[in-house]
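Quick note, the sequences are listed as chains A and B, same order. Read in order, the letters of the first sequence correspond to residues 1 to 382 in UniProt numbering. Read in order, the letters of the second sequence correspond to residues 1 to 143 in UniProt numbering. Take a look at the structure below.
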Amino acid sequence: MAITTKNRRVAIVGVGYSNVGRNTGLTERHHAAQAANAALADAGLTAKDIDGVGSWGGDAVDFGYMMGFQDLRWELNVGVSPAFIAPAYHAAQAVAAGHADCVMAFRIMMQQPSSAKLAAGGAMLGAPSMSDTVFQYPYGNFSPTQWAGLLMNRYLHESDSTEEHFAKFAVSQRNWALLNDNALQRTPLTEEQFLSTPYITKPLRILDCDYPCDSGSAVIFTTEERARDLRQPAVFVDSSSLCSIHDMNFEALPDMVRTAPVKASKELWARTDLKPSDVSTAHLYDGFSVITFQWLEALGLVPQGQAGPFVAEGNTSLGGSLPVNTDGGAINVGRRHGANFCIEAVKQLRGECGERQVAGADVSVWANAVGPFAGAMLLTKS
Amino acid sequence: MSQPAPPPIIEDPFTLYFWEGSAAHQLLIMRCQSCGTWIHLPKPVCRNCQSMDVKPEPVSGKGTVYSFTETYKAFHPYFVDKVPYLIAVIELAEQPHLHFQSNLVGVTEADVEFGMPVQVEWAEFGDKTIPVFRPVTREGTVA
Chain A
1 MAITTKNRRV AIVGVGYSNV GRNTGLTERH HAAQAANAAL ADAGLTAKDI DGVGSWGGDA
61 VDFGYMMGFQ DLRWELNVGV SPAFIAPAYH AAQAVAAGHA DCVMAFRIMM QQPSSAKLAA
121 GGAMLGAPSM SDTVFQYPYG NFSPTQWAGL LMNRYLHESD STEEHFAKFA VSQRNWALLN
181 DNALQRTPLT EEQFLSTPYI TKPLRILDCD YPCDSGSAVI FTTEERARDL RQPAVFVDSS
241 SLCSIHDMNF EALPDMVRTA PVKASKELWA RTDLKPSDVS TAHLYDGFSV ITFQWLEALG
301 LVPQGQAGPF VAEGNTSLGG SLPVNTDGGA INVGRRHGAN FCIEAVKQLR GECGERQVAG
361 ADVSVWANAV GPFAGAMLLT KS
Chain B
1 MSQPAPPPII EDPFTLYFWE GSAAHQLLIM RCQSCGTWIH LPKPVCRNCQ SMDVKPEPVS
61 GKGTVYSFTE TYKAFHPYFV DKVPYLIAVI ELAEQPHLHF QSNLVGVTEA DVEFGMPVQV
121 EWAEFGDKTI PVFRPVTREG TVA
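Below, the structure written as structure tokens:
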């Protein structure tokens, strides 16, 4: 007779980053090892406590052996997927099901070539499906900034948001980053500075994009029982989702405004008794700023089309009604591909964010990706 | 100085029809022969009825602008002397949400409108021909 799958409550007990920076000269293995050691130290666990590994970037199996983890009871390498939510979601599921007790989820990401290098022919960006590039490259479409430009322009057309609202959003994110020692971008920014930077692909500016860097992030998931004995106050996984609505051709999306975050949000809320009005802090992917706007609306935190005015009123800033991306977002902490949102949500719920701490934070949502696929996780303090 | 080579186009028997059609100035889109659904980007199966009887068929070349972006930065040597240029998603007339990615020509960014009617025309791309779109008046003449 088969052993029934368990349904255990899951907690996050350790989080860690590598020495994140621009062209660090370190390998994926260095970033994985630094992040893993930081997460273990944070949790008060040893390498031998870890019995499951999932990663996007590098190789989970390689990292597990390199670190001297137990023989792995569970492992996963995710390919192109909605950023860190993919390994994180599956890690939490593995613990819930009892297939592993203590799982480390990684996102290891190396800095991509600059546009100057691309223009000089020194490199080309990859694509999720190379066979589909025959319908993309001839039109000069190579960079994710270009699908983002298409999504952002359509969003501006259908919503009450303006480019000035995006400027205010960039300033609000930078103001959070000024309170975060870990951020890579820490000089004050004004709306005028934002609006005077040239377009990459109109209406998208460089300050609408996350900041390229080398980064390693690690998060440890375990059972509630185990979590109670560890160093940090446990943070619990209340609900999660990982959804897709389309193939990877963003340009062919039937609706560029209501994309996969709508589906992922619907699933997230269907799996919990909590409601959007319960959320204390939101940590919403900003690979491109329009993605954060889409998530604010998809999650039901803001009415459809109102993200821009909501941001402009100061709601997402320090002291606002819904603090958003309190670490400064990936535009300021660097491209950690969603892991920073998970880690910042955990830190807010632990109450260890210092100057940027949101008083009384007890429910936080973090969310990744846009367009074809997306996922989200709702975390609670108790 | 010679012109930089265009970006590589993967030679794929499944999408050869598109290049052959374009060379003959005919826009071909994959279509399900069982239920009539247009399928772009092309796939070997219809996501409406799961039939694998799919074949390229000519379309009218008429459509409307669903979204657009004017690119200022070149991400490939071939496009360095072509910036800025307009990338657009065209909703082809044959079916709701039948989105075709292309370039807009004969119009400045400031004059592009969402929902604007456009018509296919043909442009050079290395030794190949590609479909691009130009705005037309509501009556169908070139704007």
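C-beta atoms are modelled at their ideal positions from N, C-alpha and C, and glycine is treated no differently. On a predicted model such as this, the values are computed, not experimentally measured, just so you know.
Residue j beta carbon less than 8 angstroms from that of residue i
{"i": "A:Glu191", "j": "A:Val219", "result": "no"}
{"i": "A:Asn141", "j": "B:Ile87", "result": "yes"}
{"i": "A:Val80", "j": "A:Phe221", "result": "no"}
{"i": "A:Lys202", "j": "A:Gly149", "result": "yes"}
{"i": "residue 383 of chain A", "j": "A:Phe63", "result": "Not covered by the structure: residue 383 of chain A. The range shown for chain A is 1 to 382."}
{"i": "B:Lys73", "j": "A:Ile331", "result": "no"}
{"i": "residue 396 of chain A", "j": "A:Leu349", "result": "Limits of chain A in this structure are 1 at one end and 382 at the other, which puts residue 396 of chain A out of reach."}
{"i": "B:Leu27", "j": "B:Val105", "result": "no"}
{"i": "A:Pro372", "j": "A:Ser241", "result": "no"}
{"i": "B:Ile39", "j": "B:Cys46", "result": "yes"}
{"i": "B:Gln101", "j": "A:Glu251", "result": "yes"}
{"i": "A:Phe135", "j": "A:Ala32", "result": "no"}
{"i": "A:Pro261", "j": "A:Ala88", "result": "no"}
{"i": "A:Ala361", "j": "A:Ser280", "result": "yes"}
{"i": "B:Ile29", "j": "A:Pro138", "result": "no"}
{"i": "A:Ala282", "j": "A:Phe293", "result": "no"}
{"i": "A:Cys209", "j": "A:Val20", "result": "no"}
{"i": "A:Leu72", "j": "A:Val53", "result": "yes"}
Whole-number beta carbon distance between residue j and residue i, since they are thought to touch under 8 angstroms
{"i": "A:Ile85", "j": "A:Ala376", "result": "7 angstroms"}
{"i": "residue 144 of chain B", "j": "B:Gly115", "result": "Any question about residue 144 of chain B goes unanswered here, given that chain B covers just 1 to 143."}
{"i": "B:Pro42", "j": "B:Thr15", "result": "6 angstroms"}
{"i": "B:Pro131", "j": "B:Tyr78", "result": "Incorrect: roughly 18 angstroms between the Cβ atoms, too far for contact."}
{"i": "residue 387 of chain A", "j": "A:Gln232", "result": "Look at the range of chain A in this structure, 1 to 382, and you will see that residue 387 of chain A is not part of it."}
{"i": "B:Val118", "j": "B:Gly63", "result": "6 angstroms"}
{"i": "B:His76", "j": "B:Pro7", "result": "5 angstroms"}
{"i": "A:Val61", "j": "A:Glu158", "result": "45 angstroms between Cβ atoms; not a contact."}
Residue i versus residue j - alpha carbon distance
{"i": "A:Arg22", "j": "B:Arg134", "result": "42 angstroms"}
{"i": "B:Lys128", "j": "B:Trp122", "result": "10 angstroms"}
{"i": "B:His97", "j": "A:Trp295", "result": "23 angstroms"}
{"i": "A:Glu75", "j": "A:Asp286", "result": "28 angstroms"}
{"i": "A:Asp49", "j": "A:Leu268", "result": "30 angstroms"}
{"i": "A:Ser215", "j": "A:Asn182", "result": "12 angstroms"}
{"i": "A:His246", "j": "A:Leu253", "result": "7 angstroms"}
{"i": "A:Pro144", "j": "A:Gly319", "result": "33 angstroms"}
{"i": "A:Phe341", "j": "A:Ala83", "result": "11 angstroms"}
{"i": "A:Phe236", "j": "A:Ser382", "result": "7 angstroms"}
{"i": "A:Arg356", "j": "A:Asn175", "result": "10 angstroms"}
{"i": "A:Gly338", "j": "A:Gln304", "result": "23 angstroms"}
{"i": "A:Leu45", "j": "A:Arg228", "result": "13 angstroms"}
{"i": "A:His99", "j": "A:Met66", "result": "22 angstroms"}
{"i": "A:Ala359", "j": "A:Glu313", "result": "20 angstroms"}
{"i": "A:Arg186", "j": "A:Ala270", "result": "39 angstroms"}
{"i": "A:Arg29", "j": "A:Ile108", "result": "9 angstroms"}
{"i": "A:Arg336", "j": "A:Asp160", "result": "30 angstroms"}
{"i": "A:Phe166", "j": "A:Gly126", "result": "28 angstroms"}
As assigned by DSSP and simplified to three states, the class of residue i
{"i": "A:Asp238", "result": "strand"}
{"i": "A:Gly21", "result": "strand"}
{"i": "B:Ala88", "result": "strand"}
{"i": "B:Glu94", "result": "coil"}
{"i": "B:Val136", "result": "strand"}
{"i": "A:Val346", "result": "helix"}
{"i": "A:Glu149", "result": "Strictly speaking, residue 149 of chain A in this sequence is Gly, with Glu absent from that position. DSSP places A:Gly149 in helix when its eight states are reduced to three."}
{"i": "A:Gly354", "result": "helix"}
{"i": "A:Asn332", "result": "helix"}
{"i": "B:Pro77", "result": "helix"}
{"i": "A:Leu204", "result": "strand"}
Chain A within 8 angstroms of residue i, Cβ atoms only
{"i": "B:Thr15", "result": "yes"}
{"i": "B:Gln101", "result": "yes"}
{"i": "B:Thr64", "result": "no"}
{"i": "B:Leu41", "result": "yes"}
{"i": "B:Thr108", "result": "no"}
{"i": "B:Phe125", "result": "yes"}
{"i": "B:Thr69", "result": "yes"}
{"i": "B:Ala74", "result": "yes"}
{"i": "B:Ile90", "result": "no"}
{"i": "B:Lys82", "result": "yes"}
{"i": "B:Pro77", "result": "yes"}
Any chain B beta carbon closer than 8 angstroms to residue i
{"i": "A:Ser280", "result": "no"}
{"i": "A:Tyr199", "result": "yes"}
{"i": "A:Ser115", "result": "yes"}
{"i": "A:Pro254", "result": "yes"}
{"i": "A:Lys263", "result": "no"}
{"i": "A:Asp49", "result": "no"}
{"i": "A:His246", "result": "no"}
heavy atom of the ligand MG below 7 angstroms from residue i C-beta
{"i": "A:Arg205", "result": "The model depicted lacks the ligand MG and carries no ligand whatsoever."}
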